[in-house]
Amino acid sequence: MTDTITLITRYYRAFNDGDIDGMIACLAPDVAHHVNEGQVRRGTVAFRAFCDHMARCYAERLDDMVIMATPDGSRAAAEFTVHGTYLSTDKGLPPAHGQGYTLPAGGFFTVRDGQIARIVTYYNLADWIAQVSA
Numbered sequence: 001m002t003d004t005i006t007l008i009t010r011y012y013r014a015f016n017d018g019d020i021d022g023m024i025a026c027l028a029p030d031v032a033h034h035v036n037e038g039q040v041r042r043g044t045v046a047f048r049a050f051c052d053h054m055a056r057c058y059a060e061r062l063d064d065m066v067i068m069a070t071p072d073g074s075r076a077a078a079e080f081t082v083h084g085t086y087l088s089t090d091k092g093l094p095p096a097h098g099q100g101y102t103l104p105a106g107g108f109f110t111v112r113d114g115q116i117a118r119i120v121t122y123y124n125l126a127d128w129i130a131q132v133s134a
């Protein structure tokens, strides 16, 4: 369990540092990345493309992190607050003009052989749209 919590902490630390390579270092090569309201992306190449896109459209920092893991370390969950700025209009979403937002969010993980094999991210898209549209 401790190793899994350390792994997830390292993943989110890399996220907050804008270190895509650091995030990918935590992932299994065949990672399944379940994006909120989106398609499942498989593999680290698709994960990197997603991160590059996100970095163009959003600047985000995660705070108030709480990470939990099963006793055997095979599954984990994290709850946190997203503090962000909407930088560039994302397809199908409201126009961006530097709007700030704050959202409760979470992540769910499967860990295999010391690497993250599955990530599921959740936040309330309707809440985000309301905040950036106000």
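Residue numbers for the sequence shown follow UniProt numbering, beginning at 1 and rising by one.
All residues carry an ideal CB built from backbone N, CA and C; glycine is no exception.
Since the model is a prediction, treat every value here as computed from it, not as a measurement.
Applying the criterion that 16 or more other CB atoms from any shown protein chain within 10 Å of the CB defines a buried residue, is residue i buried or exposed?
i	result
G100	exposed
L7	buried
T44	buried
I129	exposed
Spatial neighbours of residue i within its chain, please: CB distance less than 8 Å, with the 5 preceding and 5 following residues excluded, ordered by chain position.
i	result
S74	T4, T110, V111, R112
A96	C57, Y86, L87, S88, T89, D90, V132
Given residue i, which residues of its chain have a CB within under 6 Å of its CB, disregarding the five upstream and five downstream residues?
i	result
R42	A32
E60	V82, G84
F108	A77, V120
Would you mind giving the Cβ-Cβ distance between residue i and residue j, rounded to the nearest angstrom? I have them listed as a contact below 8 Å.
i	j	result
G106	A69	The Cβ separation is near 14 Å, so there is no contact.
L103	N124	7 Å
M65	Y12	6 Å
With a CB to CB cut of under 7 Å and the five nearest residues on each side skipped, what residues in its chain are close to residue i?
i	result
Y37	Per the sequence presented here, residue 37 reads as Glu, with Tyr not at that position. Same-chain partners within the cutoff: L125.
N16	R61, L62
F47	I24, L27, V31, H33, R41
Between the stretch 108 to 125 and the stretch 16 to 32, can you find at least three pairs of beta-carbon atoms closer than 8 Å? yes
Can you list, in chain order, the stretches of the beta strand (DSSP E) that have 3 or more residues and sit fully within the UniProt domain "SnoaL-like" (8 to 119)? 27 to 34, 40 to 42, 58 to 69, 75 to 86, 100 to 112
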